[in-house]
Amino acid sequence: MKKINLIVIASLMVAALNSCKKSTPDVSTPAPPTPVVIVPVVPSVGTLFVAPSPGNLSTVEHIKESEDYVVEVKKSGETTYTKVFVYKTDNYFKVNPFNIAARPQAAASFANFSFSGTSVDVRITSNSAVNSATIRPLNFGVNFQRTANVITFTLDVPRKLSIEFNNRNNPLFLFADAPDVPNTSATYYYGPGVHNIGRKKAISSGQSVYIAAGAVVEGSFSIAYGAQNVKIGGRGVVSNGEWEFPPSLGYSDMQNQSTIRNQGSNNTIIEGIIIANSTGWTLQMESYDGTITNAQYKNLKIINWNISTDGIWFDGINTIVDDCFIFNNDDILTTHQSTNCKISNMVVWGGTYGNLFMQSSYKSSDGIVYENINMIGKDGGKSLIEVQTGTGAKISINNVTFKNMRIEEHLKTATNFPKKFLFIVPQSQDMNNWIFENVTIDDKNPDEGDIYGTANSLINGITFRNLKMGGAKVMSLTEANMDINGFVSNVRFE
Numbered sequence: 018m019k020k021i022n023l024i025v026i027a028s029l030m031v032a033a034l035n036s037c038k039k040s041t042p043d044v045s046t047p048a049p050p051t052p053v054v055i056v057p058v059v060p061s062v063g064t065l066f067v068a069p070s071p072g073n074l075s076t077v078e079h080i081k082e083s084e085d086y087v088v089e090v091k092k093s094g095e096t097t098y099t100k101v102f103v104y105k106t107d108n109y110f111k112v113n114p115f116n117i118a119a120r121p122q123a124a125a126s127f128a129n130f131s132f133s134g135t136s137v138d139v140r141i142t143s144n145s146a147v148n149s150a151t152i153r154p155l156n157f158g159v160n161f162q163r164t165a166n167v168i169t170f171t172l173d174v175p176r177k178l179s180i181e182f183n184n185r186n187n188p189l190f191l192f193a194d195a196p197d198v199p200n201t202s203a204t205y206y207y208g209p210g211v212h213n214i215g216r217k218k219a220i221s222s223g224q225s226v227y228i229a230a231g232a233v234v235e236g237s238f239s240i241a242y243g244a245q246n247v248k249i250g251g252r253g254v255v256s257n258g259e260w261e262f263p264p265s266l267g268y269s270d271m272q273n274q275s276t277i278r279n280q281g282s283n284n285t286i287i288e289g290i291i292i293a294n295s296t297g298w299t300l301q302m303e304s305y306d307g308t309i310t311n312a313q314y315k316n317l318k319i320i321n322w323n324i325s326t327d328g329i330w331f332d333g334i335n336t337i338v339d340d341c342f343i344f345n346n347d348d349i350l351t352t353h354q355s356t357n358c359k360i361s362n363m364v365v366w367g368g369t370y371g372n373l374f375m376q377s378s379y380k381s382s383d384g385i386v387y388e389n390i391n392m393i394g395k396d397g398g399k400s401l402i403e404v405q406t407g408t409g410a411k412i413s414i415n416n417v418t419f420k421n422m423r424i425e426e427h428l429k430t431a432t433n434f435p436k437k438f439l440f441i442v443p444q445s446q447d448m449n450n451w452i453f454e455n456v457t458i459d460d461k462n463p464d465e466g467d468i469y470g471t472a473n474s475l476i477n478g479i480t481f482r483n484l485k486m487g488g489a490k491v492m493s494l495t496e497a498n499m500d501i502n503g504f505v506s507n508v509r510f511e
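What follows is the structure, encoded as structure tokens:
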């Protein structure tokens, strides 16, 4: 009996198993539905930040919304452009005691935005007819397409560009920044809109100023003597167009006109802002007594018309100037005393006055490096590298290096200034170990340099390593159109 039951149970189990097997469908059996493939939506990568409009600029002297250009940006791969606010400053230069000529440009427009983690497509429309376009620095190799009065191009990294349609009379400066983190808890925070703070806003130790993108601040700042750990930053604009150039050039008059003044401070950081229309010196960082230490001036953009609008004084010990754009009408960069200072990754366009490097005769300097410098123009006037003053105490200027530098244009358009590459005629300054390495000068003037020492100003050790002028490497003073005298020794070309 048990044997029969086991056989029956086994038979039932086999039948059950067979019934669970899927049969092959015939033509009358519907096929299973096609599975739905769910494609995840990948969010757009990277960051693109376009600042808000500053609003009504009618009360701001010499700055308005530009009617000359339309700037639009988008992340690469997206379809919709976002319009960027474009500012314009007119050339309001006035006659001055030195009778220095105005810059030839009628105006300049400028715009800024920030991005990271993505490439961005830029579209610029000129509101005038366009026959040609140039994007500088040429070294950056920004390729663009032009259709009539519109150009488009792509940026993979932040850049500071001068975009010039037809000629150089009305440039558009485009500042494509890396994003920053707004410091809304700063001691003085200025959000989008117009703020008039007056002259010489006092800043003390430990205080901070943040000027947000879309803000226009009319006024200037005075950092207290000996202040520690001051920071001024942001992506907004500081303008001094309301105040006219002083009637005299006395020192007290000039220092009162500075946009940012700093004496004897430690750990000062000025970063990111745009400074337009300085009345006088832009960053007046005084260290006649050698007391400024560890200052950093980074990612600044300076656009000035007046005479005596020195760009940055890099006085001090361990000063860093990096990634700045300077368009002004006096010394681009100057020092009165510097030790272990580095100036790097600069885009500069000199005016009819001023130099790329100027050493004045206050204290000795040692260990100055200029590296990765793109000089996109010099509108007549003075020489690029100059040492000539010095009637006081004997000083020295040693171990100065200019490396990886391109001068796109320094046409000799003025008769009242030497307009050379080098004009080194010190009066009471010894100079030792100056190096010019990988310097390219696109054009070449008949007279490019005077290197003249004196019995009280001996010059020893000037090396030109891979110096190119007018498209060719030069290997002698004669080929470089330079002269020296008997107080100069050890000049080498490599």
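For the sequence shown, this note's numbering begins at 18 and goes up steadily by one.
Heads up, the beta-carbon is just placed ideally off N, CA and C, and yes, glycines get one too.
Subject >> Asn507 burial status per 10 Å Cβ neighbour count (16 or more: buried) >> reply: exposed
**OP:** Would you please state the rounded distance, in angstroms, between the beta carbons of Leu74 and Val211? I believe it to be under 8 angstroms.
**Re:** 7 angstroms
Original post:
From Phe419 to Gly72, what does the alpha carbon distance come to, in whole angstroms?
Top reply: 43 angstroms
Subject >> Minimum length 3: unbroken beta strand (DSSP E) runs contained in the stretch 230-267 >> reply: 232-240, 248-251, 254-256
Original post:
Distance, Cα to Cα, Gly470 vs Ile290?
Top reply: 40 angstroms
Subject >> Residues bridged to Gln301 (per DSSP) >> reply: Arg278
Original post:
Below 8 angstroms, can you find three or more Cβ-Cβ pairs linking the stretch 410-427 to the stretch 383-392?
Top reply: yes
**OP:** Would you mind reading off the limits of the beta strand (DSSP E) that contains Val103?
**Re:** That residue, Val103, is in no beta strand (DSSP E); it is neither H nor E in DSSP.
Original post:
In the structure shown, what three-state DSSP assignment does Phe157 receive?
Top reply: helix
**OP:** Find out if the Cβ-Cβ distance for the pair Ala232, Pro209 is shorter than 8 angstroms.
**Re:** yes
**OP:** Kindly identify the DSSP beta-bridge partner or partners of Met392.
**Re:** Val365, Ile424
**OP:** Would you mind giving the Cβ-Cβ distance between Ser179 and Phe190, rounded to the nearest angstrom? I have them listed as a contact below 8 angstroms.
**Re:** 6 angstroms
Subject >> Identity of the residue in Val87, Arg163, Ile337 nearest Asn129 by Cα >> reply: Val87
Original post:
Would the beta-carbon of Ile392 fall within 8 angstroms of that of Asp348?
Top reply: Position check: residue 392 holds Met in this sequence, whereas Ile was assumed. No, these two residues do not count as a Cβ contact at 8 angstroms.
Original post:
What do you get for Asn160, buried or exposed, if any count of 16 or more other CB atoms within 10 angstroms of its CB means buried?
Top reply: exposed
Original post:
Considering only residues of the stretch 309-340, which uninterrupted beta strand (DSSP E) runs meet the minimum length of 3 residues and lie entirely inside it, listed in chain order?
Top reply: 313-315, 318-320, 337-339
Subject >> CB contact flag (Val101, Glu89, <8 angstroms) >> reply: yes
**OP:** Please look up how many angstroms separate the CB atoms of Tyr314 and Ile287, rounded, as I've assumed it's under 8 angstroms.
**Re:** 5 angstroms
Original post:
From which residue to which residue does the beta strand (DSSP E) around Glu95 run?
Top reply: Unbroken run through Glu95: none, as it is neither H nor E.
Original post:
What is the DSSP secondary structure of Met492, reduced to helix, strand or coil?
Top reply: coil
**OP:** Kindly list the residues whose CB is nearer than 6 angstroms to the CB of Asp500, restricted to its own chain and excluding five residues on each side of it in sequence; keep chain order.
**Re:** Asp467
**OP:** Go ahead and pull the three-state DSSP assignment for Gln446.
**Re:** strand
Original post:
How is the beta strand (DSSP E) around Arg185 delimited, first residue to last?
Top reply: Unbroken run through Arg185: none, as it is neither H nor E.
Original post:
In this structure, does DSSP put Gln272 in helix, strand or coil?
Top reply: helix
Original post:
Are the C-beta of Glu78 and some C-beta of chain D separated by less than 8 angstroms?
Top reply: Structure shown: chain D not included; a single protein chain is present.
Original post:
Would Pro463 be called buried (16 or more neighbouring beta carbons within 10 Å of its own) or exposed?
Top reply: exposed
Subject >> Candidates Val404, Asn283, Gly368: closest to Ser221 by CA position >> reply: Asn283
Original post:
Which of the three DSSP states, helix, strand or coil, is assigned to Gln376?
Top reply: strand
**OP:** Using the Cα positions of Arg423 and Val456, report the straight-line distance between them to the nearest angstrom.
**Re:** 6 angstroms
Subject >> Phe170 - DSSP class collapsed to helix/strand/coil >> reply: strand
**OP:** Take Asp447 as the anchor and find which of Phe342, Asp107, Ile476 has the nearest alpha-carbon.
**Re:** Ile476
**OP:** Out of Met486, Glu465, Val442, Asn421, point me to the one whose CA is closest to Glu454's CA.
**Re:** Asn421
Subject >> Rounded separation between Gly368 and Tyr109 - CA only >> reply: 14 angstroms
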